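Numbering (the working numbering), first residue to last: 285 to 1030.
Glycine included, C-beta positions come from ideal geometry on N, C-alpha and C.
Just so you know, these numbers come straight off a predicted model, no measurement behind them.
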Ligand code: GLC
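Below, the structure written as structure tokens:
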């Protein structure tokens, strides 16, 4: 019989057997809600809302080291589960949670880099219920008419989270596992990467070319080749004077993000290896020796991030980067990805000798060389010296590394916001890092599937996500890069990255026509900064994703469950990317409310499908009627200018919106040094009434002058007032314009 604990009015913790985690990722959390209950009947769990049973346990068993429990929730659809290939609705599928690097993202690939054992059951006219399996061990999900959760453990700890709305479940889940901090503002800008810009002059050339070509950009990434023979925390000969290099980059307005992989090269003449060895910092193999795995640098040892002294050593090791002008850290290969091990190689040779495997057959080679399960090979220890098998630590390995990386920022950049980008992670990874979806390919199919992958992450608490724009593996072409950039401009994280040996895909790589399209959308991204930053703030506050599926608008409408190729970006923008080559139009489903084309102001009605034109330089984008879009002037990079103009576009005859701002780089916002404004617009007596109110005013502010544009304003508008006082207005075409200074109205 499960043990039931009420955490608060919305959250129950159900414990079967005796599960054990090396760390607990949950946080204390209060919530008052009355009608929701979890009870046992005949020793089985029942989830009850307002007297109605929603979910019933039908079976539980322990077999061969795996605990399984099955539930029935009639007509359930399943959303979430973090980073998974495939569509948003996971009904009918099976998944495994085991952080894994497999660079070929085929439609049925599972598992992927990140494990978030959390999903939301959704069914029309029923409250959405979140299920979080708080196990760092490997877990398995079968989601059909009934669903089974299995955990490689002596039991399972399952949190049941009441909605009723999907967004409530997401928000409550992030209360439980943590929300994103405000990222540095520059990390919302466009970012340029390649494996690799391998000399400082090449990186500088790219930076300069972005400026001369007038493509706004904030960040250049340094992939593995900046290091000395792939030794982490070193600079190679091609980056002899990193300080000077970073200063030159700063002069151009660029930040630098460097890759850091967990594998430490075994090399007696290498400081990090020596200090790690002195600390006995590395995970062990079954015989108690330092475990050896092969990654880029060759034979490596791997830090045991489970130990706090190892994490501290790792944090300190960032000195060589963070004190040499590096602004952000990119954690890769942290599943951990290990291409092969001595033990594995020995096994392979043995099998080859016996003639049981044949490496002429590619499939067999792949099976052996893609890192599989090291569950039996690696041993971790916690602070008390307790041994933990790898399978209980693997899924939090990157999470622990990210914790250590965040501490590194506290050490070397006090009061500066960290920027950490990670490939692997666990539930709650958003507390420490942004996530990109790893090694996709330059395929149209991947452009399309990145939408549900990112939305799935968002529904699982990870709001700051993005993809390698243009695709990582394979060769992009101009059309693909243009379309992917158009879409990427509306993803929370916006970076162009590609693999060594593939066609170059910097914005200029495919000629002027393509570069012009890219410039247009990178510029739009910057123009929308005030709107996007505010969406980040609400995500930081409430855990609501920035990129959302349409089902967030109406979970009773089953038609929306299967829309995977349109998404909401913040509260008011709907994006419908072009996902196929040679296409200059697509059909768009317009959801609840009316939506207005950002391009030409045309109005579209809810629950209709429209054929929308989209020549190569246009992505269909719509704004929700009765909302506002906040924009600013063009820039080369964020906060290039101290003061910024603000443009507020009013879509509809009444609207309300929020605008958030802070200094964009320090932690001062945590002590109230930020501004949150509420703008409202209404109509009265043939006039517009504008209200501007400061909900919080703790920061000097960048926005001074404000231009409000009432799109499609009726001609008979006679008067405009702002906070009760009359203000001048004039028509420009069918746009009514008013201008004012923020200081004059509040
Ligand atoms: C991995 C990363 C990729 C990176 C490469 C080299 O494949 O996912 O982004 O470029 O390693 O470091």
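I need the DSSP call for residue 522, collapsed to helix, strand or coil.
For this step, residue 522 is matched to residue 238 along the chain shown. In the structure shown, residue 522 sits in a helix (DSSP, three-state: H, G or I).
Does the Cβ of residue 367 have 16 or more other Cβ atoms within 10 Å, making it buried, or fewer, making it exposed?
Here the question's residue 367 lines up with position 83 in the chain shown. Residue 367 should be labelled buried.
Are the beta-carbon atoms belonging to residue 399 and residue 418 less than 8 angstroms from one another?
Here residue 399 refers to the residue found at position 115 of the chain shown. Here residue 418 refers to the residue found at position 134 of the chain shown. Their beta carbons are not under 8 angstroms apart, which means residue 399 does not touch residue 418 by this criterion.
Buried or exposed by the 16-neighbour rule on C-beta atoms within 10 Å, applied to residue 539:
Here residue 539 corresponds to residue number 255 of the chain shown, with the count starting at 1. Residue 539 should be labelled buried.
Comparing C-alpha positions only, which one of 774, 507, 811 and 921 sits nearest to residue 855?
Residue mapping note: residue 855 aligns to position 571 of the chain shown, counting from 1. Nearest of 774, 507, 811 and 921 to residue 855, Cα basis: 774.
Strictly by DSSP, which residues pair up with residue 529?
Taking the chain shown and counting its residues from 1, the one referred to as residue 529 is at position 245. In the DSSP output, where bridge partners are listed per residue, residue 529 has none listed.
Let me confirm a value: residue 326 is counted as buried when at least 16 other C-beta atoms fall within 10 Å, else exposed. Which label applies?
If you number the chain shown from 1, residue 326 lands on position 42. By the neighbour-count rule (16 or more Cβ atoms within 10 Å), residue 326 is not buried but exposed.
Chain-order list of residues whose beta-carbon lies under 6 angstroms from that of residue 360 (same chain, five-residue window excluded):
Here residue 360 refers to the residue found at position 76 when the chain shown is read from its first residue. Answer for residue 360: 405 and 407, listed in chain order.
Residues bridged to residue 912 [DSSP beta-bridge criterion]
For the purposes of this step, residue 912 is taken as the residue at position 628 of the chain shown. Beta-bridge pairing links residue 912 to 934.
Start and end residues, beta strand (DSSP E) containing residue 870
Translated into positions along the chain shown, residue 870 becomes position 586. That run of the beta strand (DSSP E) goes 869-874.
Rounded to whole angstroms, how far is the Cβ of residue 933 from the Cβ of residue 912, which I believe are closer than 8 angstroms?
The count along the chain shown starts at 1 and reaches residue 933 at position 649. The count along the chain shown starts at 1 and reaches residue 912 at position 628. Right, their Cβ atoms sit about 7 angstroms apart.
Which term fits residue 714, buried or exposed, when burial requires 16 or more other beta carbons within 10 angstroms of its beta carbon?
Here residue 714 corresponds to residue number 430 of the chain shown, with the count starting at 1. Under this definition residue 714 is a buried residue.
Check whether the region 529-539 touches the region 574-582, taking contact to mean three or more Cβ pairs, one atom from each stretch, closer than 8 angstroms.
no
Is residue 869 near the ligand GLC, in the sense that its beta carbon is under 7 angstroms from a heavy atom of that ligand?
Against the chain shown, residue 869 aligns to sequence position 585. No, the beta carbon of residue 869 sits no closer than 7 angstroms to any heavy atom of the ligand GLC.
C-alpha gap between residue 615 and residue 505, whole angstroms
Numbered from 1 along the chain shown, position 331 holds the residue referred to as residue 615. Numbered from 1 along the chain shown, position 221 holds the residue referred to as residue 505. Taking the straight line from one Cα to the other gives about 12 angstroms.
What three-state label does DSSP hand residue 903 in the structure shown?
Numbered from 1 along the chain shown, position 619 holds the residue referred to as residue 903. Coil at residue 903, not helix or strand.
CB-CB under 7 angstroms to residue 666, same chain, minus the five flanking residues each way: which ones, in chain order?
Reading the chain shown from its first residue, position 382 is the one you call residue 666. Taken in chain order, the residues that qualify are 306, 590, 591 and 672.
Between residue 976 and residue 994, is the Cβ-Cβ spacing less than 8 angstroms?
Here residue 976 refers to the residue found at position 692 of the chain shown. Here residue 994 refers to the residue found at position 710 of the chain shown. Taking 8 angstroms as the Cβ cut-off, residue 976 and residue 994 do not qualify as a contacting pair.
Exposed or buried, which one is residue 300 when buried takes at least 16 other CB atoms within 10 Å?
Translated into positions along the chain shown, residue 300 becomes position 16. Buried is the call here.
Can you look up residue 681 in the DSSP assignment and give me helix, strand or coil?
As a working note, residue 681 is residue 397 in the chain shown. Residue 681: helix per DSSP, three-state reduction.
Every unbroken alpha helix (DSSP H) within the region 420-462, with a cutoff of 4 residues, ordered by chain
450-461
Figure out for me which residue from 596, 285 and 748 has the closest Cα to the Cα of residue 695.
Walking along the chain shown from the start, residue 695 turns up at place 411. For residue 695, the nearest C-alpha among the options comes from 596.
Best match in 1015, 492 and 981 for proximity to residue 256 [C-alpha to C-alpha]
Any answer about residue 256 is impossible in this case: the structure gives the chain only from 285 up to 1030.
Closer than 8 angstroms is the cut-off here; do at least three beta carbon pairs connect the region 491-498 with the region 898-917?
no
Do residue 989 and residue 929 count as a contact pair if the criterion is CB distance below 8 angstroms?
For this step, residue 929 is matched to residue 645 along the chain shown. For this step, residue 989 is matched to residue 705 along the chain shown. Yes, the Cβ-Cβ distance between residue 929 and residue 989 is below 8 angstroms.
How about residue 474 and residue 502: are their beta carbons less than 8 angstroms apart?
Position 190 of the chain shown, counted from the start, is the residue given in the question as residue 474. Position 218 of the chain shown, counted from the start, is the residue given in the question as residue 502. Yes.
Just the C-alpha distance for residue 677 and residue 620, rounded to the nearest angstrom, thanks.
In the chain shown, the residue the question calls residue 677 occupies position 393. In the chain shown, the residue the question calls residue 620 occupies position 336. Distance between the alpha carbons of residue 677 and residue 620: 10 angstroms.
Which of the three DSSP states is assigned to residue 338 in this structure?
Within the chain shown, numbered from 1, the residue matching residue 338 stands at position 54. In this structure, residue 338 counts as strand in the three-state DSSP scheme.
Decide if residue 655 is buried, meaning its Cβ has at least 16 other Cβ atoms within 10 Å, or exposed.
On the chain shown, residue 655 is found 371 positions in, with the first residue counted as 1. Confidence in residue 655 is poor, its pLDDT being 49 and thus under 50, which makes the residue's placement too unreliable to answer from.
Would you kindly work out how many angstroms separate the C-alpha atoms of residue 425 and residue 348, rounded to a whole number?
On the chain shown, position 141 is the one that residue 425 refers to. On the chain shown, position 64 is the one that residue 348 refers to. Distance between the alpha carbons of residue 425 and residue 348: 17 angstroms.
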